[in-house]
Every structure is written in C-alpha cells, then in structure tokens.
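S.K.: Residue numbers for the sequence shown follow our numbering, beginning at 1170 and rising by one. Ideal placement from N, C-alpha and C gives every residue a C-beta, glycine not left out. Treat the numbers as computed from the prediction; the structure is a model and nothing was measured. Have a look at this one before I ask anything.
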Amino acid sequence: MTRQIIILLGSLSVLLAGQAACAADLESGRRIYQQSCAMCHGPGGQPDPASPVVQGLEVPPADLSDRLFNSREPAGDWELVVAHGGHAMGLSAQMPAQKDALDPQQVRDVVAYVKSLADTSEYPPGELNYFLPIRTKKAFPEDEIVWKARYTPIDDGRDVLRNVIEVEKRVGKRGMVVLEAIHEDNGIDSEITKVEVGYKRVLSWNVEKGSILSAAIIAAFPTDGGESDELIPYLAYARSFGEAWILQSSARAITPLDSAGDGSLELAGALHYRWTPWPRRVFAGLELIAEAPYEDFGSAVQWSVLPQLRFGLTKGGHVALNLGVEIGLSDQAWDTRAHAVLLWDFADGSFFKGWR
Ligand code: HEC
C-alpha cells in the first residue's frame, strides 16, 4: 500500500513539475521578442512608423500594446500566428512563421510576453470569447455584425421566415451596445416587425475557471402600434471545462410593458466541443431551451433542443456560419425549425480577409 502511495506521489510530482515547466517564462519571452519581433512590432509593441523595416511592410502590424486589442485576442490564436505565420490565420504573410526557430515552449513564452505589453486587467480576456450559440445569449462583448435567419414551417398555416440583423459594438472596457432589426415574412406580410436596442456589460470573470458573467438590458419596439413595447433583461454565464468543453447559459425575462404578466422567462444552455484551436474547422454544439409564461410557470414550459454545427469560414474564424435544426419537445405551434446564423467579427478585419 505504502509503495503504491509513493509511486502515486512520485507520478504526481512529475506531473506537477511538468506543469511548472509549461508555465510561460516572461524573461525568456522578452529576450525572444527583442531579438526576433521588435524590429517590426517596436520594442514596446507599438510599430515605429519612421522605421524603414515597418515602412517596407504591406500591412502595418497592429499596436500590440493597445489594451483593447491586446485583451480581445486569445493567446492561443497568437500562438498559432507566431508558430505558423500570418498567412496561416489569414493575416499578412510578412508576419513570419517561427516554428522552425522557436520550440512550442518558446512560442508560449514570447506570446505571454506580448500579452504583458498592455495592462489589460480591466478588460475581459479574449480567451473567454466562446462560440456564438444560436439561441443562448453570449456573455462576451463583441464588435460584430450577425445575420440570423429562422424558417418555421407551420402545419395548416403559413410558414414564417424571420431575418434578424444585429450590429454589436464594444463601448468602454467591458460594455457593448446592440442594435437589431427583425423582419418577418409569412407569405402575406413581409415587413420589419421589431427594432431592438440594448446594452450589455461584463460583470465578472475568472481566467482559471474560464468563466464570465454578463448582464444586459434590451428594449424592443414593435412596428405595429397595437403591440406592446418590451423590456428584455438577461444574464449570460459561460465557463469552460478543460481545454475543449464550453458551457454557455442565459436567462431572459421577456416583459411586455403594457401587461407585464403576459411575459415569459427563457432559459437556454449551449454545450460546444472545441476539439482544435484552429478556427477554420467544423464544431458541433447542442442547445437546450425552455420558455415558460410568467402566468403558468411549470405546466406550460416549452422545451426544445437545437443541435448545430459551426463552420469557421475564414482562416482566422472572424467570419463563421452556424446551422442548426430546432426540435420542439413540447406542444409547440411548430415541430421543427431551421436556423442559419452568419457572423462577421469586424474588429478582426474586412469581411473579405482570410478566405484564401
Ligand atoms: C518582418 C516583420 C515581422 C516580424 C519579424 C514579426 N512580425 Fe508579427 N506581424 C507582422 C505583421 C506585418 C503583422 C500584421 C499582419 C496583418 O495584420 O495582416 C504581424 C502580426 C502579428 C500578430 C497578430 C496580431 C493580430 O492581428 O492578431 C502577432 C501576435 C505577432 N505579429 C507577434 C509577433 C511575434 C511574437 C514576433 C516575434 C517572434 C513577430 N510577430 C515577428 C510583422 C512581423
């Protein structure tokens, strides 16, 4: 028994020592940076426009010491850029690949050093920017344009095609404003039915747990004067389990201002499996949604499941398509409906960048 314990402790200490060796060494990172990166990126992360080397670059590198920029780009993405070069992630090929010059530990060291060039302690880290689910609300603030299409076949009725355009813009260190226009077409009427404006703010996060919590408030204005305006406050929480599993959840209270009692509560959860750090891949996800009217809590809950696939379309994944089929599990007005979501993260560059 004691022997087994000693072996166990031995392997544990090897494991822990291995972990310690993996932690980034900022001093090594600094040396690598000054030697191999500073001529283009500048000694402090800010490219020097007067430098002939920088003038010779077709795309001037972004300012790595800028807090918002530095915080929003996940270290894992930068490790891919540094190891495999800009071209591999849809950026300029003049950003050289370092995988022959640096080993994986050195790549981690230099990226950790680059991350330390800006004080990002008040900004939510890009590592917590998880995949956008179809119905579950996301916690991370974005600079994004999203087009959501939903097709609902209705038995003995008219099928409905609903299109939503969402423009999201980051404000301040941890806020985001959103503007949405909702268009519906049921074969007879085809019109903009609602306009929404809102604000989201990150409340807290924890890098070790990979968790992030946000609160938002949305005001919805139907274009039909007969319908009530709505207030839709929501909370969104996400966390990762290990490297690959991501759980996101949200709770929305959809409240008509004229008759608050007619509102409903929507709970949604999404699980994604991120099997690789490369963004241009296909990732599977599954959502579970429950919606219950305030007045008939419990008995009238409408459940649905929404299996989906995310396709990273550009090399850096800043344009992505989500396709899903939502299956009603309760007595809904519909049995199944189809979703398509196209997103463009415009902070990462033009829509047309990084396709080839
Ligand atoms: C020959 C000049 C050059 C050298 C040397 C160089 N880079 Fe770059 N780097 C660039 C250019 C140009 C870009 C911008 C590409 C773009 O935006 O299309 C870039 C982009 C990057 C990015 C991606 C930023 C983003 O947009 O997400 C990171 C991170 C980076 N470089 C880190 C490094 C590190 C670390 C080193 C040293 C190991 C290094 N670079 C060496 C020119 C260089």
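#1: Quick check on I1201: does DSSP put it in helix, strand or coil?
#2: Compute the beta-carbon to beta-carbon distance between S1232 and V1223, rounded to the nearest angstrom, for a pair I have assumed lies under 8 Å.
#3: Does the distance from the CB of S1373 to the CB of Y1292 come in under 7 Å?
#4: Determine the burial state of A1190: buried for a count of at least 16 other Cβ atoms within 10 Å of its Cβ, exposed for fewer.
#5: With DSSP as the reference, label P1446 as helix, strand or coil.
#6: Please identify the residue among F1466, R1331, A1308 and G1438 whose C-alpha is closest to the C-alpha of G1356.
#7: Do S1428 and W1472 count as a contact pair if the criterion is CB distance below 7 Å?
#8: Just reading off the alpha helix (DSSP H) that Y1463 is part of, what are its end residues?
#9: Let me know the secondary structure DSSP gives L1436 once reduced to three states.
#10: Answer yes or no: do T1305 and A1389 have a C-beta to C-beta separation smaller than 7 Å?
#11: Do S1234 and G1213 have their C-beta atoms within less than 7 Å of each other?
#12: Which stretch, first to last residue, makes up the alpha helix (DSSP H) that contains D1325?
#13: Tell me the start and end of each unbroken alpha helix (DSSP H) in the segment 1370-1447 that is at least 4 residues and wholly inside, in chain order.
#14: On a CA-only basis, which of G1523, I1387, I1415 and G1467 is nearest I1423? Give me that one, please.
#15: If you draw a straight line from the C-alpha of D1328 to the C-alpha of Q1215, how long is it?
#16: Within this structure, are the beta carbons of E1248 and V1280 separated by less than 7 Å?
#17: For R1200, I'd like the list of residues in its chain whose CB is within less than 6 Å of its CB, leaving aside the five on either flank, ordered along the chain.
#18: Under the assumption that V1371 contacts P1310 (Cβ atoms under 8 Å), give the Cβ distance between them as a whole number of angstroms.
#19: Can you tell me the Cα-Cα spacing of G1179 and E1313, whole angstroms?
#20: Between which two residues does the alpha helix (DSSP H) harbouring L1237 extend?
#21: Name the two residues that bound the continuous alpha helix (DSSP H) containing G1245.
#22: Check whether the Cβ of A1231 lies closer than 6 Å to any heavy atom of the ligand HEC, and answer yes or no.
#23: Hey, would you say Y1463 sits closer than 7 Å to G1430, going by beta carbons?
#24: Within its chain, find whatever has a CB closer than 6 Å to the CB of S1182; leave out the 5 residues flanking it on each side and keep chain order.
#25: Tell me the rounded alpha-carbon separation between R1449 and L1482.
#26: State yes or no: is the C-beta of G1493 within less than 7 Å of the C-beta of Q1477?
#27: Looking at V1228 and the ligand HEC, is the gap between the Cβ and the nearest heavy atom below 6 Å?
#28: Quick check on this structure: which residue in L1400, A1461 and I1401 has the alpha carbon closest to the alpha carbon of S1433?
#29: Start and end of the alpha helix (DSSP H) containing R1277?
#30: What is the DSSP secondary structure of L1511, reduced to helix, strand or coil?
#31: Given the structure, does W1247 come close to the ligand HEC, in the sense that its CB is under 6 Å from one of the ligand's heavy atoms?
#32: Give a yes or no on whether the C-beta atoms belonging to A1413 and Y1442 are separated by under 7 Å.
#33: Relative to the C-alpha of G1523, which candidate in A1420, M1258 and V1364 has its C-alpha closest?
#34: By a C-beta neighbour count over all protein chains shown, 10 Å radius and 16 as the cutoff for buried, is S1519 buried or exposed?
#35: Work out the CA separation of W1444 and Q1204 for me, nearest whole Å.
M.R.: Considering the structure as presented:
#1: Taken through DSSP and simplified to helix, strand or coil, I1201 comes out as helix.
#2: For the sequence presented, residue 1232 should be read as Asp rather than Ser. With a Cβ gap of about 12 Å, D1232 and V1223 do not count as contacting.
#3: At the C-beta level, S1373 and Y1292 stay beyond 7 Å of one another.
#4: No answer about A1190 holds up, because its pLDDT of 45 lies below 50 and its placement is not dependable.
#5: coil
#6: Scanning F1466, R1331, A1308 and G1438 for the CA closest to the CA of G1356 turns up R1331.
#7: no
#8: Careful: Y1463 lies outside any alpha helix (DSSP H) and carries neither H nor E.
#9: strand
#10: no
#11: yes
#12: Element bounds for D1325: n/a, residue is neither H nor E.
#13: none
#14: I1387
#15: 54 Å
#16: yes
#17: Around R1200, the same chain offers no residue with a beta carbon nearer than 6 Å, after the five sequence neighbours per side are excluded.
#18: The beta-carbon distance between V1371 and P1310, rounded to whole angstroms, is 6 Å. This is short enough to meet the 8 Å contact definition.
#19: For G1179, the predicted structure reports a pLDDT of 49, less than 50, and the residue's modelled location is therefore unreliable. A value from the coordinates is still provided. If I take the Cα positions, the gap works out to 49 Å.
#20: R1236 to R1241
#21: A1244 to H1253
#22: It does: the Cβ of A1231 is within 6 Å (strictly closer) of some heavy atom of the ligand HEC.
#23: yes
#24: At S1182, the pLDDT of 47 sits below 50, so the modelled position is not reliable; the number obtained from the coordinates is stated separately. Excluding sequence neighbours, S1182 sits near nothing in its chain.
#25: 6 Å
#26: yes
#27: yes
#28: Of all alpha-carbon atoms in L1400, A1461 and I1401, the one lying nearest the alpha-carbon of S1433 is that of A1461.
#29: P1273 to K1284
#30: strand
#31: yes
#32: yes
#33: Of A1420, M1258 and V1364, the residue nearest in Cα terms is M1258.
#34: exposed
#35: So the alpha carbons of these two residues sit roughly 34 Å apart.
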